[in-house]
Amino acid sequence: MIDAVTLLTIVLMAGVTYLTRIGGYVVLRNRTLGARATAVMEAAPGCVLISVIAPAFVSKSPADLLALAVTLAAATRFSMLPTVLIGVASAGLLRHFIG
Amino acid sequence: MSISQAVETVADGSKSEFRRGVASCAPVLFGTIPYALVLGAQATQKGLSTVELSAMTGLNFAGGSEFAAIQLWTSPPHIVLIVAITFLVNSRHLLMGAALAPFLRDLPRRKVFPALFLMCDESWALGLADAKLRAAAGITPAFSPRYYMGAALAMYLTWVAFTTLGALLGPMLGHVETYGFDMAFPAVFLVLMRGMWTGMAAARPWLVSLVVAALVYLFVPGAWYVAAGAMSGLVAAWLMAGDA
Numbered sequence: 001m002i003d004a005v006t007l008l009t010i011v012l013m014a015g016v017t018y019l020t021r022i023g024g025y026v027v028l029r030n031r032t033l034g035a036r037a038t039a040v041m042e043a044a045p046g047c048v049l050i051s052v053i054a055p056a057f058v059s060k061s062p063a064d065l066l067a068l069a070v071t072l073a074a075a076t077r078f079s080m081l082p083t084v085l086i087g088v089a090s091a092g093l094l095r096h097f098i099g
Numbered sequence: 001m002s003i004s005q006a007v008e009t010v011a012d013g014s015k016s017e018f019r020r021g022v023a024s025c026a027p028v029l030f031g032t033i034p035y036a037l038v039l040g041a042q043a044t045q046k047g048l049s050t051v052e053l054s055a056m057t058g059l060n061f062a063g064g065s066e067f068a069a070i071q072l073w074t075s076p077p078h079i080v081l082i083v084a085i086t087f088l089v090n091s092r093h094l095l096m097g098a099a100l101a102p103f104l105r106d107l108p109r110r111k112v113f114p115a116l117f118l119m120c121d122e123s124w125a126l127g128l129a130d131a132k133l134r135a136a137a138g139i140t141p142a143f144s145p146r147y148y149m150g151a152a153l154a155m156y157l158t159w160v161a162f163t164t165l166g167a168l169l170g171p172m173l174g175h176v177e178t179y180g181f182d183m184a185f186p187a188v189f190l191v192l193m194r195g196m197w198t199g200m201a202a203a204r205p206w207l208v209s210l211v212v213a214a215l216v217y218l219f220v221p222g223a224w225y226v227a228a229g230a231m232s233g234l235v236a237a238w239l240m241a242g243d244a
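First to last, the sequence lines map onto chains A and B. As numbered in UniProt numbering, residues 1 to 99 make up the first sequence, in order. As numbered in UniProt numbering, residues 1 to 244 make up the second sequence, in order.
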């Protein structure tokens, strides 16, 4: 059921992942940040989020790009659930009809 | 329910913080389930048993790195390669934890360390966005641990349960992209970013991140684009702060 090398790989994966989760907190917990560092920390969440979804902005599929534009427009007006529904529906429909 | 409505609800005290966290995570779970099923199905095709796959998603709990690991999986697995790629894909957690750290100052470490085990893109973004809205509304403490745990545990249980289900169902599943479910992730992230929006000037580093991440994604193989995009945005924020 469980192979020893597979288990070792999984445990090491989990270990480095947990280190990344606590690392930022441990290093910065008791520090007061200067103006520049504060500006960086305020920009950080948006920078990470937009980087994760950046591939969607350079998709080679016209249907995907159009669906992303619809989703972006929805995100500026609606709350979470309507935006997700509009995004999923537009992607599904546009891919079906445009390809 | 939008986050701002949720903040009003909790001000009434009519709904528990934990339930509010679970509720705000619901749209995200909707987008996560198809991915979880696909990861589980792919893992069995690479020769992992269901127990091994459940152990991976339950102990590691970081979807991006698990997709990368499964892509690279051989029998026996190349340990150094997979662990290095896992670190690379998850290095963004360092920035995320740093951004969350100021809101966690008043919490004891015995609560913070288990809570951080459950920090994923979604629970972090929801918890941080909620804390910023509550801070702006004058609610103290800004960070709500129960709200965060509601969102994080809902995410964790959904991920482990549906990756396991995917492994059990195996190759009967097709491609999620056909149905458009993958657009749920950009949708969630864009709404979260709107919540963080404080004006065009403050958003300039985001634009730098978007352009660099997109270019690296197009021209550099592998998962470097997240780290490259995030880091260049932070450098831009650092430089732009000097202009002010």
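Glycine included, C-beta positions come from ideal geometry on N, C-alpha and C.
Assign THR83(A) to buried or exposed, taking buried as 16 or more other Cβ atoms, counted over all protein chains shown, within 10 Å of its Cβ.
-> Buried.
When the distance is taken between beta carbons, is LEU218(B) closer than 8 Å to VAL58(A)?
-> Their beta carbons are under 8 Å apart, which means VAL58(A) touches LEU218(B) by this criterion.
PHE30(B) to MET183(B) span [Cα, whole Å] = Using only the alpha carbons, I get a separation of about 11 Å.
Between which two residues does the alpha helix (DSSP H) harbouring MET119(B) extend?
-> If you look at MET119(B), you'll find it isn't in any alpha helix (DSSP H); DSSP assigns it neither H nor E.
Decide if the segment 63-73 of chain B is in contact with the segment 187-207 of chain B; the criterion is three or more beta carbon pairs, one per stretch, under 8 Å apart.
-> In short, these stretches do not touch, since the Cβ pair count stays below three.
Compare the C-alpha of ASP106(B) against each of ALA142(B), VAL80(B), ALA69(B) and name the closest.
-> For ASP106(B), the closest alpha carbon among the candidates ALA142(B), VAL80(B), ALA69(B) is that of ALA142(B).
Endpoints, the alpha helix (DSSP H) within which SER54(B) is located = First-last of the alpha helix (DSSP H) with SER54(B): 50-59.
Do the CB positions of VAL208(B) and GLY170(B) come within less than 8 Å of each other?
-> Against a cut-off of 8 Å, the Cβ pair of GLY170(B) and VAL208(B) comes out as no contact.
Selected residue, minimal CA-CA separation from ALA68(B), among LEU168(B), ASN90(B), GLY242(B), LEU210(B) = Measuring from the Cα of ALA68(B), the nearest candidate turns out to be ASN90(B).
Return the CA-CA distance between ILE2(A) and ALA241(B), expressed in angstroms with no decimal places.
-> For ILE2(A) and ALA241(B), the distance between alpha carbons rounds to 52 Å.
Between LEU93(A), HIS96(A), GLY46(A), which lies nearest to residue 289(B) when the distance is taken from Cα to Cα?
-> The shown model of chain B, from 1 to 244, leaves out residue 289(B), and the question about it has no answer.
Along the chain, where does the alpha helix (DSSP H) that runs through VAL220(B) open and close?
-> Element bounds for VAL220(B): n/a, residue is neither H nor E.
Kindly list, in the order they appear in chain A, the residues whose Cβ is closer than 7 Å to that of ARG92(B).
-> What ARG92(B) touches in chain A: VAL48.
Mark TRP197(B) as exposed unless 16 or more other C-beta atoms lie within 10 angstroms of its C-beta, in which case mark it buried.
-> Here TRP197(B) is exposed: its Cβ has fewer than 16 other Cβ atoms, across all protein chains shown, within 10 Å.
Consider the C-beta atom of LEU107(B) and the heavy atoms of the ligand SAM; say whether any pair is separated by less than 7 Å.
-> The ligand SAM is not part of the structure shown, which contains no ligands of any sort.
What did DSSP end up calling ALA41(B) once you bin it into helix, strand or coil?
-> In the three-state reduction of the DSSP assignment, ALA41(B) falls in the helix class.
Is it right to say SER16(B) is buried, meaning 16 or more other beta carbons lie within 10 angstroms of its own, or is it exposed?
-> Classification of SER16(B): exposed, given that the 10 Å Cβ count is below 16.
Residues of its chain near ASP12(B), where Cβ-Cβ distance is below 8 Å and the 5 sequence neighbours each way are ignored = Because ASP12(B) sits at a pLDDT of 46, beneath the cut-off of 50, its placement in the model cannot be relied upon, and the following sentence gives the value as read from the coordinates. The beta carbon of ASP12(B) lies closer than 8 Å to none in the same chain, with the five residues before and after it left out.
Identify the contact partners of ALA54(A) in chain B, using a Cβ-Cβ distance below 7 Å as the criterion.
-> Think of a sphere of 7 Å around the beta carbon of ALA54(A): the chain B residues whose beta carbon falls inside it are LEU210, ALA213, ALA214, TYR217, TYR225, GLY229, in chain order.
CB contact check: ILE98(A) to chain B, cutoff 8 Å = Cβ-Cβ to chain B under 8 Å: no for ILE98(A).
8 Å Cβ cutoff, SER59(A) in contact with chain B = Answer no: the Cβ-Cβ gap between SER59(A) and chain B never drops below 8 Å.
Check whether the Cβ of GLU52(B) lies closer than 8 Å to any Cβ atom in chain A.
-> Yes - at least one Cβ of chain A is within 8 Å of the one on GLU52(B).
Are any of the Cβ atoms in chain B nearer than 8 Å to that of ALA89(A)?
-> Interface residue (Cβ-Cβ distance to chain B less than 8 Å): ALA89(A) is classified as such.
DSSP on MET1(B), reduced to helix/strand/coil?
-> Residue confidence for MET1(B) is low, a pLDDT of 46 falling below 50, so the modelled location carries little weight; the figure read from the coordinates is stated next. Looking at MET1(B) - three-state DSSP - the assignment turns out to be coil, as it is neither helix nor strand.
Kindly list, in the order they appear in chain A, the residues whose Cβ is closer than 8 Å to that of MET149(B).
-> Those within 8 Å of MET149(B) in chain A number zero; the least Cβ separation is about 15 Å.
In three-state DSSP terms, what is THR32(B)?
-> Helix at THR32(B).
Interface residues of chain A around THR86(B) at Cβ under 7 Å?
-> Scanning chain A for C-beta atoms nearer than 7 Å to the C-beta of THR86(B) yields MET13, VAL16, THR17, reported in chain order.
Exposure label - ALA84(B); buried when at least 16 CB within 10 Å = Burial call: exposed.
Where does LEU39(B) land, buried or exposed, given buried means 16+ other C-beta within 10 angstroms?
-> LEU39(B) should be labelled buried.
Report yes or no: do the segment 142-158 of chain B and the segment 107-123 of chain B share at least 3 C-beta pairs separated by less than 8 Å?
-> Because the criterion of three Cβ pairs below 8 Å is met, the segment 142-158 of chain B and the segment 107-123 of chain B touch.
Do the CB positions of LEU12(A) and LEU192(B) come within less than 8 Å of each other?
-> Contact: no.
If THR76(A) sits next to THR86(B), beta carbons under 8 Å apart, how far is it from one beta carbon to the other, in whole angstroms?
-> Actually they do not touch by this definition, with Cβ atoms about 35 Å apart.
Any chain B beta carbon closer than 8 Å to PRO45(A) = It does; some Cβ of chain B falls within 8 Å.
Span of the alpha helix (DSSP H), counted from its first residue to its last, around TRP197(B) | No alpha helix (DSSP H) holds TRP197(B); DSSP gives it neither H nor E.
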